[in-house]
Each structure stands twice: as C-alpha cells, then as structure tokens.
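Asker: I have a structure I would like to understand better, so I am pasting it below and will then ask my questions one at a time.
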Amino acid sequence: MTKTLADQGFPNGEFAAFSTAKMSFFLPYTEQTSPADLNQFFGPDILHISITNNHDLEIALPDSEIQLAHYNQIISKFTNGKYKVIDADYYHNNFNAPIVDEHQHGIL
1 MTKTLADQGF
11 PNGEFAAFST
21 AKMSFFLPYT
31 EQTSPADLNQ
41 FFGPDILHIS
51 ITNNHDLEIA
61 LPDSEIQLAH
71 YNQIISKFTN
81 GKYKVIDADY
91 YHNNFNAPIV
101 DEHQHGIL
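Here it is, written out as structure tokens:
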C-alpha cells in the first residue's frame, strides 16, 4: 500500500521550509488539492498549469522542460521562480521540517 503524504507527516496545503541555501515553498499534490490551492501556489504562473485526463498536474512554463506531478508528489517552488516535482524521500533528504501552525496546516 502506498503511503500518502499526510501519512508521511506533511501538512495540508502550501507550506514553507528551508534548505541549507534558501527558503522554498511546497505544495503536496493530492486528491484533495483544490483549484484554489493551485491558484494560490502558482499565482500568475497558473496560466501554464493544466490537469491531464489522468489527473496529473502538467507544469509547462515557457523556456522550461514540461514536468508532471502525480498524486502524492510535492511541487517545490524556489525563490528564483523555478519549480521542481519531487517525492517525499527527496524532500526529507534536502529540506528541514515543514513550517506548520498548531493544527499541522502549512503556513507561509
């Protein structure tokens, strides 16, 4: 059985965390991710985001390679405006704990 991101300790919705270099923002992509969550996370870049027939999230920014996010992957947004689709193992190996509120919801 595949663990969900919630099972692995990730907050609901967008959250921030630190790497050794700088702050980054993250959005766990799950069946519960809403259009409002996507709009908030991607901001003006939402024009380059679409959902495929099999519910993958396609990130097709100009001058960037197209990326697909599957349910239970994490979309990272870096301060340079770039995005990367990662999994929980990559996150745990490269970033500190999520910044969350008292209800374990992600905060910025």
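The sequence shown begins at 1 in the UniProt record's numbering and counts up one residue at a time.
Here a beta-carbon is modelled for each residue, glycine too, at the ideal position from N, C-alpha and C.
Since the structure is predicted, the reported quantities are computational estimates derived from the model, not experimental observations.
Output the distance between the C-alpha atoms of Y29 and Y90, rounded to the nearest integer angstrom.
Answerer: The residue you call residue 29 lines up with position 29 of the sequence shown. The residue you call residue 90 lines up with position 90 of the sequence shown. So the two alpha carbons sit approximately 15 Å from each other.
Asker: Output yes or no for whether 9 Å exceeds the beta carbon distance between F26 and K77.
Answerer: Working through the sequence shown from its first residue, we reach residue 26 at position 26. Working through the sequence shown from its first residue, we reach residue 77 at position 77. In this structure, K77 lies closer than 9 Å to F26 by Cβ.
Asker: Can the beta-carbon of Q67 be found less than 9 Å from the beta-carbon of D87?
Answerer: If you number the sequence shown from 1, residue 67 lands on position 67. If you number the sequence shown from 1, residue 87 lands on position 87. Contact flag unset, no.
Asker: Assuming S64 and E58 form a contact by the criterion Cβ under 8 Å, report the distance between their Cβ atoms to the nearest whole angstrom.
Answerer: Here residue 64 corresponds to residue number 64 of the sequence shown, with the count starting at 1. Here residue 58 corresponds to residue number 58 of the sequence shown, with the count starting at 1. Contact doesn't hold; Cβ gap of about 12 Å is too wide.
Asker: Tell me which residue opens and which closes the alpha helix (DSSP H) that Q40 is part of.
Answerer: One-based indexing of the sequence shown puts residue 40 at position 40. Start and end: P35 to F42.
Asker: When you compare each of M23, Q40 and A69 to N94 by their alpha carbons, which one comes out closest?
Answerer: Here residue 94 refers to the residue found at position 94 when the sequence shown is read from its first residue. Nearest C-alpha to N94: M23.
Asker: Under a Cβ-count criterion, where at least 16 other Cβ atoms within 10 Å of its own Cβ denotes burial, should T79 be classed as buried or exposed?
Answerer: Start at 1 with the first residue of the sequence shown, and residue 79 comes out as number 79. Label assigned to T79: exposed.
Asker: Looking only at its chain, what residues have a beta carbon closer than 6 Å to the beta carbon of F42, apart from the 5 residues adjacent to it on each side?
Answerer: Residue 42 sits at position 42 when you count from the first residue of the sequence shown. Result list for F42: I49, in chain order.
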